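Peer 1: Below: one structure in structure tokens.
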């Protein structure tokens, strides 16, 4: 087993410049020295030494359709040659047609009329959704959100993100969300099925409305102090925690009874990551607002947005200029988004992703049988989790996962005579979960390769 690689002379110069001129606030140095990458294609990225790394996290699920996807790249190139930019207060065909695609799809699936509002990314779109919700509730500014939830790092998004570390240095957040336990069955009470635990969590939440003295409900006028509940249908940064299928249906009943909107954050799980366009589709509920971003443009151009019910966002209640960004609905992003929708309409991505996800999950379950440090594996489509624990199979073991991440980035794992690296993402409440978000275009051979690389890393971890 080799030591951590020393940066090349050229890379060392670049890293010295980074240390002097770049803010560390917009990046994370997972390993030392950090890698500098030079190209990407499909499921792989290459560093400046031309060392290949199989990427099983795909830019936090922003590149669902593979790096340098030729069809989506060409859509961007063609748009550059026609209408590369225009101020967002002016209309262009791409904005209108992409809005139509999303709204018509939502009408078909949820039976609700709605409209689409664009911005440049996920956090900014969360901010816009907060404005829509606060406006629709006559200025109510309090929200519910989940423990383990992540909605971004702008000030408003941080207020509904459960991790205090994202708020700690920025003063008092007077309107911080009230965080509700998520049905994380692996770490929940023993003796309950997954579905029973989901119902238990809903019942605990519903108790907040039993009396005015729980601080959220006035029974005399039938009003809650809270405007909306923000939820990632499947938790992302929280560790790809997949709730029981009955959970959101039962939760939505409580919300509807008390006039509280359901805002679903699909920024990481949207665009077929789970085998559906939106992950909330698996749970048989009607959302009031959907927030999206990331894979809409396959990571090529920042574009996100929201879909909201007509009653919440029509021009009579949310007039022109209610919220605005210079680069919102930019033509480069909408062109790629349109092509993504066309591409996914020609192939049954839902079936393909579910089949690949089942195959990948079977490989993870096989590893779990052979390695006692794997406490839990689960998945929905190609959103997969592998929780690393001590040998008791339950106690979180962040140190071992950190070691595995560093080993994967050495680029020295030999498989059939080829030296490879493996890019993994760390998530979970205890930062001990491998959150796997491979390209939806990943081949079965590449899934086998990913399992083989994980096998080697787990073996190293057990022997260290």
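Residue numbers (our numbering): 1 to 464. Glycine residues also receive a C-beta, built at the ideal position from the N, C-alpha and C atoms. Treat the numbers as computed from the prediction; the structure is a model and nothing was measured.
Counting along the chain, where does the beta strand (DSSP E) carrying residue 143 start and finish?
Peer 2: Unbroken beta strand (DSSP E) run through residue 143: 142 to 146.
Peer 1: Please report the distance separating the alpha-carbon of residue 128 from that of residue 339.
Peer 2: 25 Å
Peer 1: Check whether the Cβ atoms of residue 140 and residue 226 lie closer than 9 Å to each other.
Peer 2: For residue 140 and residue 226, yes; Cβs fall inside 9 Å.
Peer 1: Can you confirm whether the stretch 272 to 282 touches the stretch 371 to 383 when touching is taken to mean that 3 or more C-beta pairs between the two stretches lie within less than 8 Å?
Peer 2: yes
Peer 1: Which term fits residue 349, buried or exposed, when burial requires 16 or more other beta carbons within 10 angstroms of its beta carbon?
Peer 2: buried
Peer 1: For the beta strand (DSSP E) containing residue 117, list its first residue and its last residue.
Peer 2: 114 to 119
Peer 1: With residue 353 and residue 298 assumed to form a contact (beta carbons below 8 Å), what rounded beta-carbon distance in angstroms separates them?
Peer 2: Not confirmed; about 15 Å, so no contact.
Peer 1: Evaluate the contact criterion for the stretch 182 to 198 versus the stretch 94 to 104: three or more CB pairs, one atom per stretch, below 8 Å.
Peer 2: no
Peer 1: Can you tell me whether residue 278 is helix, strand or coil according to DSSP?
Peer 2: coil
Peer 1: Three or more beta-carbon pairs under 8 Å between the stretch 40 to 48 and the stretch 435 to 444, yes or no?
Peer 2: Under the Cβ criterion (8 Å, minimum of three pairs), the stretch 40 to 48 counts as touching the stretch 435 to 444.
Peer 1: Less than 9 Å separating the beta-carbons of residue 420 and residue 413?
Peer 2: yes
Peer 1: Measuring straight from C-alpha to C-alpha, what distance separates residue 393 and residue 407?
Peer 2: 22 Å
Peer 1: Which residues in the same chain have their Cβ closer than 8 Å to the Cβ of residue 166, if we skip the five residues on either side of it in sequence?
Peer 2: The answer, listed in chain order, is 153, 158.
Peer 1: Looking only at its chain, what residues have a beta carbon closer than 6 Å to the beta carbon of residue 323, apart from the 5 residues adjacent to it on each side?
Peer 2: 128, 131
Peer 1: Quick one: any contact between the stretch 75 to 83 and the stretch 249 to 260, if contact means 3 or more CB pairs under 8 Å?
Peer 2: No: the two stretches stay apart, fewer than three of their Cβ pairs being nearer than 8 Å.
Peer 1: According to DSSP, simplified to helix, strand and coil, what is residue 2?
Peer 2: Caution applies to residue 2, whose pLDDT of 45 falls short of 50 and renders its modelled position unreliable; the model cannot decide the point.
Peer 1: Hey, quick one: how far does the beta strand (DSSP E) through residue 160 stretch, first residue to last?
Peer 2: Looking at the DSSP string, residue 160 is not in any beta strand (DSSP E), and its letter there is neither H nor E.
Peer 1: With residue 477 and residue 142 assumed to form a contact (beta carbons below 8 Å), what rounded beta-carbon distance in angstroms separates them?
Peer 2: Within the shown structure, residues of the chain are numbered from 1 to 464, placing residue 477 beyond reach of any answer.
Peer 1: Buried or exposed for residue 150, going by 16 or more other Cβ atoms inside 10 Å?
Peer 2: buried
Peer 1: Let me check one thing: in DSSP terms, what residues is residue 205 bridge-paired to?
Peer 2: DSSP output for residue 205 lists no bridge partner at all.
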